[in-house]
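Engineer: Structure incoming, see below.
In this note's numbering, the protein residues as written are 29 to 257.
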């Protein structure tokens with residue numbers, strides 16, 4: 029699926045990244061504010077944090093660091109620039125999600141009728157999937173977990189987004205099941221989580237084809253062979 033399109037300019041890349049990070053932050057902010065289920069990785073971290081009594085932010089950071097190491101293993105070598113870019117992405121993204129959730133909390137979305145809240149929550153998931161599609165295609169700055177999905181998508185599944193997403197969800201689902209089995213309690217899992225599990229990969233693939241149609245995947249050759257940098 030490597031694209032023959034000319035390489036993006038720095039300005040084009042920056043614009044796409046700003047749009048995608050903003051979309052992702054807003055989508056996460058909506059789902060967090062509505063409290064109708066977090067995305068899979070977040071939900072697993074929440075359940076694990078309740079089990080071990082750890083800080084959620086630190087746990088999410090730890091998961092991100094582990095993902096960076098796993099990504100290096102999958103690529104067959106150390107790519108320091110890629111790892112640093114993953115870390116650079118996490119900082120502004122985490123801040124924006126916090127601001128976004130606070131903003132939507134002030135709008136009291138949780139007071140809306142249930143049907144409207146469900147529609148907004150699912151729309152938030154669609155926003156997240158669209159954002160993932162955009163910055164995966166730009167392929168400069170990615171969250172380590174989204175980079176993990178992209179690596180297995182193109183390295184093992186010939187670009188098939190739904191299958192790659194489901195495979196990438198095996199670790200968080202396993203973590204959640206273990207935590208729930210031990211604690212006998214369920215946290216942060218609701219309709220939004222189920223929707224994300226079933227359809228996020230398909231939504232990413234849909235956005236690839238229909239959102240910014242001229243934006244093609246950049247630098248896919250780097251997913252096939254690791255370059256020591």
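Just so it is clear, CB atoms sit at the ideal spot from N, CA and C, and this is done for glycine as well. Computed from a predicted structure; not experimentally measured.
For residue 127, count neighbouring C-beta atoms within 10 Å of its own C-beta (all shown protein chains included) and say buried if the count is 16 or more, exposed if not.
Structural biologist: By the 10 Å Cβ count, residue 127 comes out exposed.
Engineer: For residue 74, which residues of its own chain have a beta-carbon under 7 Å away from its beta-carbon, when the five flanking residues on both sides are left out?
Structural biologist: Closer than 7 Å at Cβ, skipping near neighbours: 66, 84, 215 and 216.
Engineer: The alpha helix (DSSP H) with residue 175 in it runs from where to where?
Structural biologist: Its alpha helix (DSSP H) spans residues 172-184.
Engineer: If you draw a straight line from the C-alpha of residue 116 to the C-alpha of residue 169, how long is it?
Structural biologist: Going from the Cα of residue 116 to the Cα of residue 169 covers about 7 Å.
Engineer: Would you call residue 52 buried or exposed, if buried means 16 or more other Cβ atoms sit within 10 Å of its Cβ?
Structural biologist: It is buried - the Cβ of residue 52 has at least 16 other Cβ atoms within 10 Å.
Engineer: With three or more beta-carbon pairs closer than 8 Å as the criterion, would you say the region 153-168 touches the region 232-240?
Structural biologist: Flag = yes, the region 153-168 and the region 232-240 touch.
Engineer: Can you tell me whether residue 138 is helix, strand or coil according to DSSP?
Structural biologist: Residue 138: helix per DSSP, three-state reduction.
Engineer: Count the other CB atoms within 10 Å of the CB of residue 139; is the residue buried (16 or more) or exposed (fewer)?
Structural biologist: That one is exposed.
Engineer: Just mark residue 179 as buried or exposed, buried being the case when its beta carbon has 16 or more other beta carbons within 10 Å.
Structural biologist: Under this definition residue 179 is a buried residue.
Engineer: Leaving out five residues before and five after residue 54 in sequence, what residues of the same chain have Cβ atoms less than 7 Å from its Cβ?
Structural biologist: These residues qualify, in order along the chain: 128 and 155.
Engineer: Taking the alpha-carbon of residue 203 as reference, which of 68, 96 and 137 has the nearest alpha-carbon?
Structural biologist: Of the candidates 68, 96 and 137, the one whose C-alpha sits nearest the C-alpha of residue 203 is 68.
Engineer: Classify residue 197: buried if its beta carbon has 16 or more other beta carbons within 10 angstroms, exposed otherwise.
Structural biologist: Under this definition residue 197 is a buried residue.
Engineer: Answer with buried or exposed for residue 200, where buried requires no fewer than 16 other C-beta atoms within 10 angstroms of its C-beta.
Structural biologist: When all chains shown are included, residue 200 counts as buried.
Engineer: Mind checking residue 245: buried by the 16 CB within 10 Å criterion, or exposed?
Structural biologist: Counting Cβ neighbours within 10 Å, residue 245 comes out buried, since at least 16 surround it.
Engineer: Are three or more beta carbon pairs between the region 181-195 and the region 223-231 nearer than 8 Å?
Structural biologist: They touch, by the three-pair rule.
Engineer: Using alpha carbons as the reference points, say which of 148, 61 and 221 lies closest to residue 136.
Structural biologist: Measuring from the Cα of residue 136, the nearest candidate turns out to be 61.
Engineer: Taking all protein chains shown into account, decide if residue 171 is buried (16 or more other Cβ within 10 angstroms of its Cβ) or exposed.
Structural biologist: So residue 171 ends up on the buried side.
Engineer: Taking the straight line between their C-alpha atoms, what separation do you get for residue 132 and residue 208?
Structural biologist: The alpha-carbon atoms of residue 132 and residue 208 are separated by roughly 29 Å.
Engineer: Under a three-way DSSP split, which group does residue 67 fall into?
Structural biologist: Residue 67: coil per DSSP, three-state reduction.
Engineer: Would a C-beta distance cut-off of 9 Å place residue 145 and residue 248 closer than the cut-off?
Structural biologist: No; because the gap between Cβ atoms is not below 9 Å, this pair is not in contact.
Engineer: For residue 110, count neighbouring C-beta atoms within 10 Å of its own C-beta (all shown protein chains included) and say buried if the count is 16 or more, exposed if not.
Structural biologist: Answer is buried; the Cβ neighbour count reaches 16.
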